[in-house]
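Colleague: Structure provided below as structure tokens; questions to follow.
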Amino acid sequence: MSGGELAALIAAIAFVVLVIFVVRLLMQVSKTMTKVDKTVEEANTTIRVITKDVDILSKEVEGLLVKTNELLQDVNGKVATIDPLFTAVADLSTSVSELNVSGKNLITRVGSLGRTTAKATVAGKVGQTAMKFFKDKNNQK
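Right under this line is the structure:
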């Protein structure tokens, strides 16, 4: 074998080895791409399911928001109806406080009047006793 033939043989062997590695690489890439395709399909399926669930949830949330708004309007209407009641209760509370103060003042005046009356009663009894004493003394003469 000459040097040229030997070089051609080495080049041919190197080319075969290169082709074998390229074929193995392409087979691995093919398997990887198959797995990627399966993963993408599963992701798409999951996204479709999630999208349907989100659509259903958004419709339910919308219905709940409508009901919440209706309830809030109802509560606001009832609060507006009850508001005069709270005003009346506040006025009644003021009146009761004023009545309480008036009652205390009356009790104080009645207490003073009672003391004055007691003094007058004592003075009257003293006078009555003195009168009786003088009558009895005049009758004894």
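The sequence shown begins at 111 in our numbering and counts up one residue at a time.
Beta carbons: idealized from backbone N, C-alpha and C, even for Gly.
Note that this is a predicted model, so its numbers are computed, not measured.
Quick one: Cα of residue 127 to Cα of residue 136, how far?
Modeller: Along the sequence shown, read from residue 1 onward, the residue named residue 127 stands at position 17. Along the sequence shown, read from residue 1 onward, the residue named residue 136 stands at position 26. Whole-angstrom Cα-Cα distance: 14 Å.
Colleague: Just verifying my parser: in three-state terms, what is the DSSP assignment at residue 111?
Modeller: Here the question's residue 111 lines up with position 1 in the sequence shown. Three-state result, residue 111: coil.
Colleague: For the region 128-199, list the alpha helix (DSSP H) runs that are entirely contained and at least 4 residues long, ordered along the chain.
Modeller: Runs of the alpha helix (DSSP H) inside the region 128-199: none found.
Colleague: When you compare only the Cα positions, how much space is there between residue 238 and residue 215?
Modeller: For the purposes of this step, residue 238 is identified with residue 128 of the sequence shown, where counting begins at 1. For the purposes of this step, residue 215 is identified with residue 105 of the sequence shown, where counting begins at 1. Going from the Cα of residue 238 to the Cα of residue 215 covers about 34 Å.
Colleague: Using the C-alpha atoms, what's the distance from residue 164 back to residue 170?
Modeller: Numbered from 1 along the sequence shown, position 60 holds the residue referred to as residue 170. Numbered from 1 along the sequence shown, position 54 holds the residue referred to as residue 164. Each residue's Cα considered, the two are about 10 Å apart.
Colleague: Taking the straight line between their C-alpha atoms, what separation do you get for residue 185 and residue 166?
Modeller: Residue mapping note: residue 185 aligns to position 75 of the sequence shown, counting from 1. Residue mapping note: residue 166 aligns to position 56 of the sequence shown, counting from 1. The straight-line gap from Cα to Cα measures roughly 29 Å.
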